[in-house]
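Engineer: In our numbering, the protein residues as written are 893 to 1011. Here a beta-carbon is modelled for each residue, glycine too, at the ideal position from N, C-alpha and C. All values derive from a computational prediction rather than experimental measurement. Once you've had a glance at the structure underneath, I'll fire off some questions.
Quick look at the structure:
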């Protein structure tokens, strides 16, 4: 390919833009997740399932909000993941703010519309 008449070498540019400059409000855990999602090589990029298990999503809503959510979704539809310490983690779709009491007196969880909305 390099011997073709119209071949022009493409210069390799070093990565100089740091994620902290691009998304300054994102914490270090969020930047780590974003960095793993933005890898160009698909073999090195984390899968969607691995991304949802990332520590960035572990502290979005207090554990007491999981019970009402599981009841509303029904059996088999709600499966919280286990953290490394053996404690139950929070599903990735819950936001960090829970507001408004529900019928059982527990706050209603708000759902994120996208990862970008949180940033």
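Whose C-beta lies closer than 7 Å to the C-beta of residue 935 among residues of the same chain, with five residues either side of it excluded?
Structural biologist: If we look at residue 935 and ignore the five residues flanking it on each side, it has no Cβ neighbours.
Engineer: Using the C-alpha atoms, what's the distance from residue 931 back to residue 896?
Structural biologist: Approximately 30 Å, taken between the alpha carbons.
Engineer: Note down, in chain order, each residue of its chain lying with its Cβ closer than 6 Å to the Cβ of residue 937, except the 5 sequence neighbours on either side.
Structural biologist: Contacts found: 931.
Engineer: Suppose you measure from the CA of residue 901 to the CA of residue 950; what does that come to, to the nearest Å?
Structural biologist: Those two C-alpha atoms are separated by around 45 Å.
Engineer: Starting from residue 921, follow the alpha helix (DSSP H) in both directions and report where the run begins and ends.
Structural biologist: 920-929 is the extent of the alpha helix (DSSP H) around residue 921.
Engineer: Quick one: using the 10 Å Cβ neighbour count with 16 as the cut-off for buried, is residue 899 buried or exposed?
Structural biologist: Classification for residue 899: exposed.
Engineer: Is the beta carbon of residue 903 less than 8 Å from the beta carbon of residue 921?
Structural biologist: No; because the gap between Cβ atoms is not below 8 Å, this pair is not in contact.
Engineer: Quick check: the Cα distance between residue 927 and residue 915, rounded to an integer number of angstroms?
Structural biologist: Going from the Cα of residue 927 to the Cα of residue 915 covers about 11 Å.
Engineer: Between residue 925 and the rest of its own chain, which residues show a CB-CB distance below 7 Å, the 5 nearest in sequence each way excluded?
Structural biologist: So the qualifying residues of the chain are 943, 946 and 948.
Engineer: Whole angstroms are fine: how far does the CA of residue 917 sit from the CA of residue 1040?
Structural biologist: Residue 1040 falls outside the range modelled here, since the chain spans only 893 to 1011, and no answer is possible.
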